[in-house]
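Structure first, then comments.
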Amino acid sequence: MGKSWDTFCPLGPVIVTADEVEDAQNLDIKLWVNGEVRQDHNTSDMGRTVEETVEFITWITTMKAGDVIATGTNHIGLGPIQHGDVITEEIGDFGLLTVTSQTRGSGRGLACPE
1 MGKSWDTFCP LGPVIVTADE VEDAQNLDIK LWVNGEVRQD HNTSDMGRTV
51 EETVEFITWI TTMKAGDVIA TGTNHIGLGP IQHGDVITEE IGDFGLLTVT
101 SQTRGSGRGL ACPE
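Structure follows, in structure tokens:
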């Protein structure tokens with residue numbers, strides 16, 4: 001349940017369509033927490049290819065225009081996120097998304113867009 005709370009899944013700074021991505025299997029992904037690099041990988045290092053992932057998911061459920069597949073990571077280095085941490089992610093050259101982790105109400109950590 002740690003990844004299912006309201007506001008947990010910020011997306012952006014843009015959402016692109018397949019025709020805007022030359023090679024989905026060759027995108028650099030970088031993640032910083034408080035300015036420290038936590039991840040620096042390429043989609044070529046995924047456990048399953050983008051094509052295999054879409055094939056598997058559409059075997060289970062119908063996908064429609066606008067649906068998003070969130071895959072997570074198979075790499076070490078993420079570590080815990082604490083209240084007040086600033087998390088920045090970059091995929092390819094599509095821009096940076098920065099959020100600040102905030103604790104609300106019951107003490108659950110939520111990443112909320114700045």
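38 is the number that the numbering used here gives to position 38 of the sequence shown; each next residue is one higher, with no gaps. Note that beta-carbon positions come from the ideal geometry of N, C-alpha and C, so glycine has one too.
- Task: May I ask you to report which of helix, strand or coil DSSP gives aspartate 45?
- Result: helix
- Task: Thinking threonine 43 and leucine 27 are a contact (beta carbons under 8 Å), I'd like their distance in whole angstroms, please.
- Result: 5 Å
- Item | Three-state secondary structure assigned by DSSP to glutamate 52 | helix
- How many angstroms separate the CA atom of glycine 47 from the CA atom of histidine 83? 30 Å
- Message: Only counting the same chain, and skipping five residues up and downstream in sequence, which positions put a Cβ closer than 6 Å to that of aspartate 40?
- Response: Beyond the five residues adjoining it in sequence on each side, aspartate 40 comes within less than 6 Å, by CB distance, of Lys30 in the same chain, given in chain order.
- Message: So isoleucine 91 and valine 33 are supposed to be a Cβ contact under 8 Å. How far apart are they, rounded?
- Response: With 8 Å as the limit, isoleucine 91 and valine 33 do not qualify as a contact, their Cβ atoms being about 16 Å apart.
- Message: For glutamate 114, count the other beta carbons within 10 Å of its own beta carbon; 16 or more makes it buried, fewer makes it exposed. Which is it?
- Response: Low per-residue confidence applies at glutamate 114: pLDDT is 47, beneath 50, and the placement is therefore not dependable enough to give any value.
- Query: When you compare only the Cα positions, how much space is there between serine 101 and arginine 38?
  - Reply: 16 Å
- Task: Look up glutamate 36 in the DSSP assignment and say whether it is helix, strand or coil.
- Result: Note: glutamate 36 maps to strand in three-state DSSP.
- Please classify isoleucine 99: is it buried, with 16 or more other beta-carbons within 10 angstroms of its beta-carbon, or exposed? Reading the sequence as shown, one finds valine at residue 99 and not isoleucine. Classification for valine 99: buried.
- By DSSP, does glutamate 22 sit in helix, in strand, or in coil? coil
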